[in-house]
Amino acid sequence: MVNEWVYCPRLAYLEWVEGAWADSGDTAEGRRVHARVDKASGALPAADDISEEDRLKTRAVTLGSERLGIIAKIDLLETEDGSVTPVDYKKGRRPHVEKGAYEPERVQVCAQALILEDNGYAVAGGALWYTAARERVPVVLDEDLRARTLTAISELRLAAAAARRPPPLDASPKCVRCSLAGLCLPDETNFFRKSAVPRPLNPSDEPALPLYVQTPGARVRKDGETLVIETEDDKVTAPLIGISQLVLCGPVSVTTPTLHELMRRDIVVTWASTGGWVMGHTVGTGTKNVDLRTAQYRASFDDRRCLNIARGLVAAKIRNCRTMLRRNWKGDADGARKTDALARLKRLAERAP
Ligand code: SF4
-14 MVNEWVYCPR LAYLEWVEGA WADSGDTAEG RRVHARVDKA SGALPAADDI
36 SEEDRLKTRA VTLGSERLGI IAKIDLLETE DGSVTPVDYK KGRRPHVEKG
86 AYEPERVQVC AQALILEDNG YAVAGGALWY TAARERVPVV LDEDLRARTL
136 TAISELRLAA AAARRPPPLD ASPKCVRCSL AGLCLPDETN FFRKSAVPRP
186 LNPSDEPALP LYVQTPGARV RKDGETLVIE TEDDKVTAPL IGISQLVLCG
236 PVSVTTPTLH ELMRRDIVVT WASTGGWVMG HTVGTGTKNV DLRTAQYRAS
286 FDDRRCLNIA RGLVAAKIRN CRTMLRRNWK GDADGARKTD ALARLKRLAE
336 RAP
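Counted from 1, the sequence shown has number 139 at position 154 by our numbering; the numbering is strictly sequential.
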């Protein structure tokens, strides 16, 4: 998350402090790249047990530092000549920029190195591995990078303690690709802060669709990033990234590893009769925030709170329509109809809660 703070403080805050998350093509591709490196392999010896002769590769190492107040999952840790090198995997190709990589990525590797040093390891340097080009970029852990990383860590922790969202970036091209743009509303926020005119905002095109399996006797299993559906005489595949829900009608079976993967990805599995009557759902645990879960459960018994939440949802939908309308209006030149429509939506939103 420290790298995200360097990329955009508001993004780091939304994800890390507020627990917001939205998938995009970029995040899905990043997850695919990490699917292999996230599998732990090899054991990392304690710092004191590493000898000059050791030549080790350890994957998916999780370490923390109390001094820094952060933990890191290191994709690959190479041990050689008595010291270690953290290697972080990135999708795509290396950028041709000064120092070989963007600052957030170098900061991420540096944060891993600082954690390793706090755990007693000698760190030779860091590296980034770009999977598309299969290219390795060394990360030099110089004083500037160390200072930048320490500053980012303390800024992030301070922002979390203060519980204050950082302001959005200003007319940044990063926002166009940001999966949380719809939640962050950078241009609207800046409009009210500095009267900057919002750019058009397009609702994201939902690429994932429900997958129905209706053939009696069909078996569903996972193969890498795809689901394989097999019957006696047929076999079809569907990429996991394109599935929003799996609906199994009648005598259809699914393997346990597939169920685990679907739950991990928050893809709901719906069990239905052959005739399509819904019998139940299998869902992942979702958020791991226990306080949030407890509060939700308690609220579910309170009719007044339930009604308020429902009204809040309706009001939010109306406000969302206002945002889309304000950004994308292509009607009359003087905007009189737009102003009128926005005013009516505002009144409706105020009546809802
Ligand atoms: S939309 Fe822009 S300002 Fe908002 S979180 Fe994303 S990158 Fe940051």
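Backbone N, C-alpha and C define an ideal beta-carbon position, used for all residues, glycine too.
These numbers come from a predicted model, not from an experiment.
CB of residue i within 8 Å of CB of residue j, strictly
i	j	result
A144	P152	no
L141	L(-1)	no
T43	A28	yes
D251	G265	no
H126	G110	In the sequence as displayed, the identity of residue 126 is Leu instead of His. Yes; because the gap between Cβ atoms is below 8 Å, this pair is in contact.
E120	R91	no
Y115	K75	yes
V205	V239	yes
G235	P201	yes
D129	L53	no
D73	L135	no
L310	K323	yes
S139	L194	no
V198	V237	yes
T243	K207	yes
L(-4)	S50	no
L233	A257	yes
DSSP state of residue i mapped onto helix, strand, coil
i	result
W1	helix
M(-14)	coil
H245	helix
E65	strand
T200	coil
V299	helix
V239	strand
C306	helix
P171	helix
I56	strand
V253	strand
G265	strand
A223	strand
L29	coil
C234	strand
K179	helix
P71	strand
D208	strand
K331	helix
E37	coil
A45	strand
E83	helix
Neighbourhood of residue i by C-beta, 6 Å cutoff - its chain only, sequence neighbours within 5 removed
i	result
G85	V122
K315	none
P89	N(-12), V(-9) and Y(-8)
W1	M(-14)
S285	none
A156	none
Beta-carbon proximity list for residue i, same chain, < 7 Å, skipping 5 on both sides
i	result
L247	L231 and V254
A5	L(-1), L165 and L168
L101	L48, V69, P71 and V108
I35	T64 and G67
P80	A86 and Y87
D219	none
Residue i Cβ short of 7 Å to the ligand PLP heavy atom set
i	result
A57	Ligands displayed in this structure: the ligand SF4; the ligand PLP is not among them.
Contacts around residue i, its chain only, beta-carbon distance under 8 Å, and the 5 residues preceding and following it disregarded
i	result
R307	L327, L330, K331 and A334
R133	V(-9), E88, V92 and C95
A223	L196, T211, L212 and I214
For this session: Quick one: residues with CB closer than 7 Å to any heavy atom of the ligand SF4, in chain order, please.
Result: Going down the chain, each residue whose beta-carbon is closer than 7 Å to a heavy atom of the ligand SF4 shows up: C(-7), R(-5), L(-4), L(-1), P153, L154, S157, K159, C160, C163, L165, A166, C169 and P171.
Exercise. Can you list the alpha helix (DSSP H) stretches of 4 or more residues lying completely in the segment 85 to 169, in chain order?
Worked result: Qualifying alpha helix (DSSP H) stretches, in chain order: 88 to 103, 128 to 147, 159 to 162 and 166 to 169.
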